[in-house]
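The opening residue of the sequence shown carries number 4 in my numbering; numbering runs sequentially from there. The C-beta atom is built at its ideal place from N, Cα and C for all residues, glycine as well. Note that this is a predicted model, so its numbers are computed, not measured. Written out below as structure tokens is the structure these notes cover.
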Amino acid sequence: ILLLCGDWTLLNVFLAIACDSLDQAAELTAAEEAEKERQEAEQEAARIAEQAALGAMDPSMAGAAAAAAAEDEDEEALPEEEENRPILPYSSFFILSSTNPVRIGLHWFVTRPFFDGFIMF
């Protein structure tokens, strides 16, 4: 029985590590997409600045370039959301509800950035 419990525990640990790796890969992909969007926005801003410079020579273009620049500034002013992992509403081990102080404390500890490094060490 001890051998079965040990094997089951190791299987769960390896599965948890694999799932975490997949989750981190998805986050990395999302970060790369955000970086690509940011670069496209910078290129668009550079294009608008160039048009504004050309618009200084041609007054009819200046109004359109200023309106486009104001629109880009509004998009950049949006605040970024912090990642906040909620506690799942199910009971853990059939005794720890989602409002249990022990579970809340453990959830707080596990969601800290240093926890991944602590576990992997």
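Taking residue i and residue j to be in contact with their CB atoms under 8 Å, please state how far apart those CB atoms are, rounded to whole angstroms.
i, j, result
"R106", "S95", "6 Å"
Output the boundary residues of the alpha helix (DSSP H) element that contains residue i.
i, result
"I122", "117 to 123"
"F96", "Taken as a continuous stretch (DSSP letters only), F96 belongs to no alpha helix (DSSP H), as it is neither H nor E."
"L3", "This structure leaves residue 3 out entirely; the chain is present only between 4 and 124."
What number of angstroms, rounded off, separates the C-alpha of residue i from the C-alpha of residue j?
i, j, result
"T114", "L14", "22 Å"
"H110", "P104", "10 Å"
"R50", "D26", "36 Å"
"S100", "Y93", "7 Å"
"E36", "Q42", "10 Å"
"Q54", "A34", "30 Å"
"E40", "C8", "48 Å"
"W11", "E38", "40 Å"
"V16", "F97", "21 Å"
"G108", "P116", "15 Å"
"L18", "A44", "39 Å"
"E84", "A48", "Residue placement at E84 cannot be trusted, given a pLDDT of 45 that sits under 50; the coordinates are not used to answer."
"L91", "F112", "15 Å"
"L81", "T102", "Only weak support exists for where L81 lies, its pLDDT of 44 falling under 50; the value from the coordinates is given anyway. Cα to Cα, the separation comes out at about 33 Å."
"E30", "L5", "37 Å"
Among the options, whose alpha-carbon lies nearest the alpha-carbon of residue i?
i, options, result
"I122", "G9, A28, I20", "I20"
"D119", "I4, D23, L6", "D23"
Give a single yes or no on whether residue i has its beta carbon closer than 7 Å to a heavy atom of the ligand ATP.
i, result
"R41", "The model on display carries no ligand, and the ligand ATP is accordingly not part of it."
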